[in-house]
Structures are given as structure tokens and as C-alpha cells.
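Have a look at the structure below before the remarks.
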Amino acid sequence: MKIAISGKGGVGKTTLTALLAQLWADAGRDVLAVDADPAPCLAGALGFPAGLLARLRPIAEMDTLIEERTGAKPGTVGGFFTINPRVDDLPDRFSVAHRGVRLLEMGGVDMGGSGCICPESAMLKTLFTHLLFRQDEVLLLDMYAGVEHLGRATVDFVDALLIVVEPTRRSLGTARQIKQLAADIGLDHLWLVGNKVRNEDEAAFIRAESPDLPLLGVLPADMGVQEADRLGLPVYDHVPSLRTAARQMATVLEKEIL
Ligand SMILES: Nc1ncnc2c1ncn2[C@@H]1O[C@H](COP(=O)(O)OP(=O)(O)OP(=O)(O)O)[C@@H](O)[C@H]1O
Ligand SMILES: [Mg+2]
Numbered sequence: 119m120k121i122a123i124s125g126k127g128g129v130g131k132t133t134l135t136a137l138l139a140q141l142w143a144d145a146g147r148d149v150l151a152v153d154a155d156p157a158p159c160l161a162g163a164l165g166f167p168a169g170l171l172a173r174l175r176p177i178a179e180m181d182t183l184i185e186e187r188t189g190a191k192p193g194t195v196g197g198f199f200t201i202n203p204r205v206d207d208l209p210d211r212f213s214v215a216h217r218g219v220r221l222l223e224m225g226g227v228d229m230g231g232s233g234c235i236c237p238e239s240a241m242l243k244t245l246f247t248h249l250l251f252r253q254d255e256v257l258l259l260d261m262y263a264g265v266e267h268l269g270r271a272t273v274d275f276v277d278a279l280l281i282v283v284e285p286t287r288r289s290l291g292t293a294r295q296i297k298q299l300a301a302d303i304g305l306d307h308l309w310l311v312g313n314k315v316r317n318e319d320e321a322a323f324i325r326a327e328s329p330d331l332p333l334l335g336v337l338p339a340d341m342g343v344q345e346a347d348r349l350g351l352p353v354y355d356h357v358p359s360l361r362t363a364a365r366q367m368a369t370v371l372e373k374e375i376l
């Protein structure tokens with residue numbers, strides 16, 4: 119089962135990814151969670167202890183590795199390098215596990231406008247494709263912004279793209295754009311997930327303004343999320359209302375895509 123999670127900045131992609139990762143890990147599944155944010159914070163949402171956090175390093179920052187695999191130093195533009203470097207060993211070598219969730223941080227590449235090809239972007243692209251081909255039981259991709267990472271060739275492997283929205287027009291506007299991008303590359307199986315929903319009116323707003331996508335479920339607004347962050351605790355443990363809502367979503371997903 120391969121699930122990508124996207125949506126406007128700050129809507130709750132990482133929170134949802136952490137909830138689903140932990141609940142499937144607790145159910146005994148083999149979970150690989152991938153943090154594709156240039157400023158990774160999924161480890162925090164999963165409550166990784168300091169000792170493990172120190173061991174995590176985003177792939178995009180591994181200059182020596184990138185040079186070794188692509189044949190060029192990161193930062194190089196032009197010149198020759200391999201655009202499909204070897205990456206098959208990276209997920210196991212560089213992921214760090216905690217409570218049954220293996221986490222891999224991709225890190226960010228400044229693409230400098232569309233079409234830029236540099237050693238580090240070749241590395242990340244190849245790694246993304248490889249992850250989609252792997253036979254992990256559950257792969258969760260905490261995406262950054264849109265769905266640009268997901269090339270045409272890999273569309274077949276994503277079982278669901280979840281688009282997280284808040285009850286705001288802006289986040290629903292972004293959802294509409296993501297839906298369009300997904301349509302352009304032929305990606306279907308899209309679901310909307312409402313987050314930070316305070317009452318029935320806000321839930322109704324999301325349903326009414328939905329860009330014609332099925333609503334997988336709604337996570338309530340809960341101050342416990344911020345508290346969990348302050349205390350360094352996993353949202354999954356600390357906020358029962360979100361855990362319950364995420365469990366219902368997981369049940370639907372299991373029924374629909376397993
Ligand atoms: N259900 C919720 N109730 C209250 N606060 C929430 C809820 N979900 C997320 N938040 C808060 O909203 C902020 C953004 O959440 P999160 O980091 O999960 O979003 P994101 O979409 O991954 O953000 P980014 O685009 O920066 O990666 C955090 O401060 C988090 O504590
Ligand atoms: Mg995030």
C-alpha cells in the first residue's frame with residue numbers, strides 16, 4: 119500500500135502521516151515513512167527520541183554519497199553525471215526505526231526553476247521512483263507542496279493521494295491545483311482529508327467547497343497537537359481525538375485499496 123500525502127503548507131500533512139504510520143505499525147505492518155519536506159519534521163511528529171534524531175540525515179545533504187553515486191559534486195550544473203544512480207541500498211541503510219516505523223528523510227533540493235537537473239535532484243528523483251517500485255508493505259510519503267515528485271511512469275504505483283485541507287478557501291484552492299496536477303499525470307485515487315475542523319459548520323464548508331473529491335474523513339482541531347509538539351510526544355499517543363479519526367480513515371483506506 120503506497121500513499122502520498124499532500125496539501126498546502128501547514129495544513130497537517132505531517133501530522134496525518136505520523137498518525138497513519140504509527141497506527142499501521144502498531145497493527146503489525148511493515149511501515150516505511152518518507153519525509154520529503156526540505157525542512158524535515160516527521161520524526162518530531164512521530165516522537166523520535168533525541169538519540170535517533172541525531173542519526174537521521176536527509177539524503178539530499180549527503181554530498182559524498184551523491185558524488186560517489188552520480189559521479190559529480192552536488193551543486194554542479196552542466197557537466198556529466200549519472201541521471202539514474204544506484205539507490206536500492208539507501209532506504210535500508212539510511213532509514214531509522216522507532217516503534218515499528220522506519221523513517222527516511224529525503225531533504226530538499228533547490229531546483230532553481232523548472233527543468234534544472236543537478237546531481238542531487240537526479241539522486242532524489244531516482245530514489246523516489248525506486249521507493250515506489252519497492253515491495254514495502256506500507257509506504258507513506260509526506261510530500262512537500264504538490265505532486266511534482268511523482269513522475270508519469272510511477273503513477274501506477276501510488277494507491278492513494280491524500281490531499282489535506284483546513285476549512286479555508288486557500289487550502290481548498292491548493293487542493294484544486296493538486297487535483298489538476300494529478301490529473302495531468304494521470305494519477306487518480308485522490309481523497310480529501312479535512313483537518314483542524316472545529317465544528318459541523320466547518321466540516322460542511324469543506325464538503326461544500328470540495329473540488330469534487332471524496333472526503334476520506336475529518337480530523338478535529340485539538341490543542342493537544344501543539345501540546346504534543348511542546349512535550350516532544352507523538353501526536354498518536356497524546357491526542358486521542360486524532361488517533362480515533364485517523365483509525366477510521368485507515369479502515370476506509372484498507373477496504374478501498376488493499
Ligand atoms: N488537528 C489539529 N489541531 C490543532 N493543530 C493542528 C492540527 N493538525 C496540525 N496542527 C498544527 O498545525 C501546524 C502544521 O501541522 P503539520 O506540520 O502537520 O502541517 P504540514 O502540512 O506538514 O506543514 P508543512 O507544510 O510546514 O510541512 C502544526 O503547528 C500543528 O501543531
Ligand atoms: Mg510537514
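Using the working numbering, the first residue of the sequence shown is number 119, and each one after it goes up by one. Backbone N, C-alpha and C define an ideal beta-carbon position, used for all residues, glycine too.
- Message: Tell me the DSSP secondary structure of H307 in three-state form.
- Response: coil
- Message: I'd like the span of the beta strand (DSSP E) that includes S124, first residue to last.
- Response: 120-125
- Task: Can you check DSSP and say which residues form a bridge with I378?
- Result: This structure gives no information on residue 378, because the portion of the chain shown stretches from 119 to 376.
- Using DSSP bridges, identify the partner residues of A151. L221, L258
- Selected residue, minimal CA-CA separation from E255, among A143, G125, T132: A143
- Task: Kindly provide the ranges of any beta strand (DSSP E) runs that are 3 or more residues long and lie completely inside the segment 314-370, ordered along the chain.
- Result: 333-338
- Query: Taking 8 angstroms as the cut-off, does the CB of D330 come closer than this to any heavy atom belonging to ligand 2?
  - Reply: no
- Query: Is L259 near ligand 2, with its Cβ less than 8 angstroms from a heavy atom?
  - Reply: no
- With distances taken Cα to Cα, identify the nearest neighbour of D398 among P352, I281, G226, L137. Since the displayed the chain opens at 119 and closes at 376, residue 398 lies outside it and no answer follows.
- Compute the distance between the beta-carbons of T133 and V353, then report whether it is under 9 angstroms. yes
- Task: Give every residue of the same chain whose Cβ lies closer than 6 angstroms to the Cβ of S359, excluding the five residues on either side of it in the sequence, and list them in chain order.
- Result: P338, D340
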